[in-house]
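*Asks:*
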Amino acid sequence: MPSSIPRSAGRTVARSAAVSAVVAAALAAGLLAGSTNAAAEDAAGVRIHDIQGTTRVSPLVGQQVSGVTGIVTGVRTYGSRGFWIQDPEGDGNPATSEGLFVFTSSVPTVAVGDAVSLSGTVTEYVPGGLTSGNQSLTQLSKPVVTVVSQGNPVPAPVTISSWSVPDAYTPEGDPAAAGSINGLTLKPRTYALDYYESLEGTNVRIGSSRVVGATDPYSELWVTVKPWENRNRRGGTVYGSYESQNTGRLQIQSLTPVAQQPFPKANVGDRLTGTTEGPLDFNQFGGYTLTARTLGTVVDRGLERESTDKQQRNELAVATYNVENLDPTDPQEKFDALAKAVVANLASPDILALEEIQDNNGAKNDGTVAADQTVKKFTDAIVAAGGPAYEWRSVDPENNKDGGEPGGNIRQVFLFNPERVSFTDRAATDPSSATGVTGRKGHAALTVSPGRIDPSNTAWESSRKPLAGEFVFRGRTVFVIANHFGSKGGDESIVSHHQPPARSSEAKRLLQAQSVNGFVKQLLAVEKQADVLVVGDINDFEFSGTTKALTDGGALYPAVKSLPRSERYSYVYQGNSQVLDQILTSPGVRHFDYDSVHINAEFADQDSDHDPQVVRFRP
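What follows is the structure, given as structure tokens:
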């Protein structure tokens, strides 16, 4: 993932005990609009649109209501158990939803088509908690349900399509409410997020749509209802800036448990054909989600994994690959698949910087930090796949000091083909020692190789320290700096009630970028035309402040920008094809070929969640 919000198997756990506390805290903090003396009132005979109101927060939040009627449009028997109801008549106001989720916590006893009358408490549930920044889901909690009749027709679905979803994404947040859009009156004909919110809980449908996010381990996929919105040639939807959101994206889940009906496997570019219909939900891990009562059919469009060109004899090929927490306890099949990709898809690069190499016993938290067994198992698999006998260099981290999975001690590792490249070993080091820059006969050199850059800088606290190495190719020195910047964990999502959303993790990556940029400038101050490559999982976009800080003063150029805009991506998150992995080049690297090799991010079957990057040039 963009190293963003982690998910667990219990992601839609029961929540009734927490709802009242969340609402009470939210009302006290002014984060949700609503009556603060609601407990003293009991609203009788209200309709669903009265509960939903014209903003994101119910005007009746916290109140007891009774006589709420509707037709059951969907039943969820797993995870966050409950059902949806809808008023088949409505009030004709496009800003008020006619659907509502009823949270039961236990398996509901109603069926689709039941006409029901309800009483309960109006609550606003914030998936992920108040500090997540997520919007809230208006729902009825602790319900008392009376089935009035059965077998009624489900209210006709609202069709979500390219013409119904506005091109503008969201209004600006209200400055008087700390940038929140919660209290703003919905404008569903103007803003996409307002449009989706106006349909919260409503029975909706989509027609045949292109898959833009492959089926994941949680049995969900992403489609777009806007066929040409930032489309790339492989079928994805490219995320090109903070200001140009892809409004047609929609997450798809199924109301049928996987044990009863397997969820379809889809890759980016496939088609979800026919009709997909069900209530529109809001959750922590995707925002607005069509929870399908009727799920369309996936048509395979034959997406193939890419292979890069082989470097020529006088070209140096340098690659970076996040291998996603690789350790010896992983099945041999993972090592073999990653090795095959190195040989067949990456054309056996001369230098390969790996991210997320774990120690010799993986997540077992016993103080082990060495990773020689992990690397040997990988390099052996590469040889078995027909690749070169790579040698390797790295610096073991201090135990549990570099973030990542506790006990795993992830780090960057250099692999290099000794038949093509030599490594300059200079002075043994420990994880707390810093490498520096010196001059040797008018040429830049590292004081320690391999060595860590600026490891005592607070920018690298609980984060992977950059690994610098000095290589020689055909008599020319090349400096490679392997990175794995801080994750996006803690950032608010793009469907946050704060608009623009808070991206708190950027502060750390900005400092990390400044640290690396400063080191590169030291190299260039000694040797202006030095060949320097900054590679790795930068965990940030090519248009981000992080990338701008890395390139400050012209020290580096983000090589991904040499590609057409539609081809700039290494990761797919929530249906957005985006850049996280990068290779940046110094001014001395004048001519190069760059390739983002798409072998993972667009596929349901992945060896890693990242696509590797390769650059070829003549030093």
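All letters in the sequence shown, in the order written, are residues 1 to 619 by the working numbering.
C-beta: ideal position from N, C-alpha, C; glycine also.
In this text the structure is predicted, and so the values were computed from the model without any measurement.
#1: Terminal residues of the continuous alpha helix (DSSP H) containing residue 49?
#2: Find out if the Cβ-Cβ distance for the pair residue 351, residue 421 is shorter than 9 Å.
#3: Would you list the one or two residues that DSSP bridges to residue 81?
#4: Using the C-alpha atoms, what's the distance from residue 526 back to residue 215?
#5: Measuring straight from C-alpha to C-alpha, what distance separates residue 612 and residue 550?
#6: Quick check on residue 309: does DSSP put it in helix, strand or coil?
#7: Let me know the secondary structure DSSP gives residue 29 once reduced to three states.
#8: Decide if residue 228 is buried, meaning its Cβ has at least 16 other Cβ atoms within 10 Å, or exposed.
#9: If I measure Cβ to Cβ from residue 35 and keep anything under 8 Å in the same chain, skipping five residues before and after, which residues do I get?
#10: Under the assumption that residue 70 contacts residue 86 (Cβ atoms under 8 Å), give the Cβ distance between them as a whole number of angstroms.
#11: Using 9 Å as the threshold, is the C-beta distance between residue 389 and residue 418 below it?
#12: Can you check which of these residues, 178, 199, 175 and 179, is closest to residue 186 by C-alpha distance?
#13: Comparing C-alpha positions only, which one of 137, 333 and 296 sits nearest to residue 607?
#14: If you draw a straight line from the alpha carbon of residue 45 to that of residue 213, how long is it in whole angstroms?
#15: What separation, rounded to the nearest whole angstrom, lies between the Cα atoms of residue 407 and residue 558?
#16: Based on the DSSP secondary-structure assignment, which residues constitute the bridge partners of residue 479?
#17: Chain C beta carbons: is any one of them nearer than 9 Å to that of residue 232?
#18: Are residue 341 and residue 318 touching if we call contact CB-CB under 9 Å?
#19: Are residue 456 and residue 403 closer than 9 Å when you measure CB to CB?
#20: Suppose contacts are defined by Cβ-Cβ distances below 9 Å. Is residue 251 in contact with residue 201 by that definition?
#21: What first and last residue would you give for the beta strand (DSSP E) that runs through residue 245?
#22: Does the separation of the CB atoms of residue 581 and residue 566 fall below 9 Å?
#23: Using the beta-carbon count (16 or more within 10 Å), is residue 512 buried or exposed?
#24: On a Cα-Cα basis, can you pick out the residue from 191, 597, 510 and 295 that is closest to residue 244?
#25: By the three-class DSSP mapping on this structure, what secondary structure does residue 175 have?
#26: Cα separation between residue 80 and residue 138?
#27: Quick one: give me the first and last residue of the beta strand (DSSP E) that residue 596 is part of.
#28: For the segment 366-379 and the segment 493-507, state whether three or more C-beta atom pairs, one from each stretch, are separated by less than 8 Å.
#29: In the DSSP assignment, find the beta strand (DSSP E) that holds residue 76 and state where it starts and stops.
#30: Helix, strand or coil for residue 495 per DSSP?
#31: Note down, in chain order, each residue of its chain lying with its Cβ closer than 8 Å to the Cβ of residue 542, except the 5 sequence neighbours on either side.
#32: I'd like the list of long-range same chain contacts for residue 162, defined as Cβ closer than 7 Å, with 5 residues on each side in sequence excluded.
#33: Can you give me the Cβ contacts of residue 5 inside the same chain, cut-off strictly under 6 Å, excluding the 5 residues immediately before and after it?
#34: Roughly how many angstroms lie between the CA atoms of residue 502 and residue 538, to the nearest whole one?
#35: Cβ of residue 189 within 9 Å of Cβ of residue 157?
#36: Where do the ends of the beta strand (DSSP E) carrying residue 142 lie?
*Replies:* According to the structure shown:
#1: Your numbering for residue 49 matches position 49 in the sequence shown. Residue 49 -> alpha helix (DSSP H) spans 48-52.
#2: Start at 1 with the first residue of the sequence shown, and residue 351 comes out as number 351. Start at 1 with the first residue of the sequence shown, and residue 421 comes out as number 421. Yes, the pair counts as a contact, with Cβ atoms nearer than the cut-off.
#3: Along the sequence shown, read from residue 1 onward, the residue named residue 81 stands at position 81. According to the DSSP secondary-structure assignment, residue 81 is paired through a beta bridge with no residue.
#4: Mapped onto the sequence shown, residue 215 falls at position 215. Mapped onto the sequence shown, residue 526 falls at position 526. Distance between the alpha carbons of residue 215 and residue 526: 50 Å.
#5: Translated into the one-based positions of the sequence shown, residue 612 becomes position 612. Translated into the one-based positions of the sequence shown, residue 550 becomes position 550. Near 20 Å, if we compare the C-alpha coordinates of residue 550 and residue 612.
#6: Walking along the sequence shown from the start, residue 309 turns up at place 309. Three-state result, residue 309: coil.
#7: The residue you call residue 29 lines up with position 29 of the sequence shown. Residue confidence for residue 29 is low, a pLDDT of 43 falling below 50, so the modelled location carries little weight; the figure read from the coordinates is stated next. Helix.
#8: Mapped onto the sequence shown, residue 228 falls at position 228. Burial call: exposed.
#9: On the sequence shown, residue 35 is found 35 positions in, with the first residue counted as 1. Residue confidence for residue 35 is low, a pLDDT of 39 falling below 50, so the modelled location carries little weight and cannot support an answer.
#10: Walking along the sequence shown from the start, residue 70 turns up at place 70. Walking along the sequence shown from the start, residue 86 turns up at place 86. At roughly 5 Å, the Cβ-Cβ gap stays under 8 Å, so residue 70 and residue 86 are in contact.
#11: Locating residue 389 in the sequence shown gives position 389, where the first residue counts as 1. Locating residue 418 in the sequence shown gives position 418, where the first residue counts as 1. Against a cut-off of 9 Å, the Cβ pair of residue 418 and residue 389 comes out as a contact.
#12: The residue given as residue 186 occupies position 186 in the sequence shown. For the residues 178, 199, 175 and 179, the minimum Cα distance to residue 186 belongs to 199.
#13: To locate residue 607, count along the sequence shown from 1; it is residue 607. Among 137, 333 and 296, the Cα nearest to that of residue 607 is on 333.
#14: Position 45 of the sequence shown, counted from the start, is the residue given in the question as residue 45. Position 213 of the sequence shown, counted from the start, is the residue given in the question as residue 213. Residue 45 and residue 213 have their C-alpha atoms roughly 42 Å apart.
#15: Taking the first residue of the sequence shown as 1, we reach residue 407 at position 407. Taking the first residue of the sequence shown as 1, we reach residue 558 at position 558. So the two alpha carbons sit approximately 33 Å from each other.
#16: The residue given as residue 479 occupies position 479 in the sequence shown. 470 and 532.
#17: Of the protein chains in the structure, only one exists, and it is not chain C.
#18: Against the sequence shown, residue 341 aligns to sequence position 341. Against the sequence shown, residue 318 aligns to sequence position 318. Between residue 341 and residue 318, the C-beta gap is not smaller than 9 Å, which leaves the two residues out of contact.
#19: Residue numbering aside, residue 456 sits at position 456 when the sequence shown is read from its first letter. Residue numbering aside, residue 403 sits at position 403 when the sequence shown is read from its first letter. Cβ atoms of residue 456 and residue 403: not closer than 9 Å.
#20: As a working mapping, residue 251 is identified with position 251 in the sequence shown. As a working mapping, residue 201 is identified with position 201 in the sequence shown. By the CB criterion at 9 Å, residue 251 and residue 201 fall outside the cutoff.
#21: As a position in the sequence shown, residue 245 is number 245, starting the count at 1. Per DSSP, residue 245 is not a residue of any beta strand (DSSP E), being assigned neither H nor E.
#22: Against the sequence shown, residue 581 aligns to sequence position 581. Against the sequence shown, residue 566 aligns to sequence position 566. At the C-beta level, residue 581 and residue 566 stay beyond 9 Å of one another.
#23: Here the question's residue 512 lines up with position 512 in the sequence shown. Per the 10 Å Cβ criterion, buried.
#24: Your numbering for residue 244 matches position 244 in the sequence shown. Ranking the options by Cα distance to residue 244, first place goes to 191.
#25: Within the sequence shown, residue 175 is the residue found at index 175, counting from 1. Under the three-state reduction of DSSP, residue 175 is assigned to helix.
#26: In the sequence shown, the residue the question calls residue 80 occupies position 80. In the sequence shown, the residue the question calls residue 138 occupies position 138. Residue 80 and residue 138 have their C-alpha atoms some 14 Å from each other.
#27: Here the question's residue 596 lines up with position 596 in the sequence shown. 592-596 is the span of the beta strand (DSSP E), which, as asked, contains residue 596.
#28: Counting Cβ pairs under 8 Å, fewer than three are found: no touch.
#29: Along the sequence shown, one-based indexing puts residue 76 at 76. 64-76 is the extent of the beta strand (DSSP E) around residue 76.
#30: Within the sequence shown, residue 495 is the residue found at index 495, counting from 1. Reduced to three states, the DSSP call for residue 495 is coil.
#31: The sequence position of residue 542 within the sequence shown is 542, counting from 1. Apart from the 5 residues on each side of it in sequence, residue 542 sits with its Cβ closer than 8 Å to the Cβ of 558, 560, 561, 568, 579 and 582 in its chain, given in chain order.
#32: In the sequence shown, the residue the question calls residue 162 occupies position 162. Counting only Cβ-Cβ distances below 7 Å, and skipping sequence neighbours, we find 225, 226, 227 and 248.
#33: Stepping through the sequence shown from its first residue, residue 5 is reached at position 5. Confidence in residue 5 is poor, its pLDDT being 39 and thus under 50, which makes the residue's placement unreliable; the coordinate value appears in the next sentence. So the list is empty, once near-sequence residues are dropped.
#34: Looking up residue 502 in the sequence shown gives position 502. Looking up residue 538 in the sequence shown gives position 538. Spanning the alpha carbons of residue 502 and residue 538 requires a straight line of approximately 19 Å.
#35: Counting from one through the sequence shown, the residue named residue 189 turns up at place 189. Counting from one through the sequence shown, the residue named residue 157 turns up at place 157. In terms of Cβ geometry, residue 189 and residue 157 do not form a close pair [threshold 9 Å].
#36: Here the question's residue 142 lines up with position 142 in the sequence shown. Its beta strand (DSSP E) spans residues 137-149.
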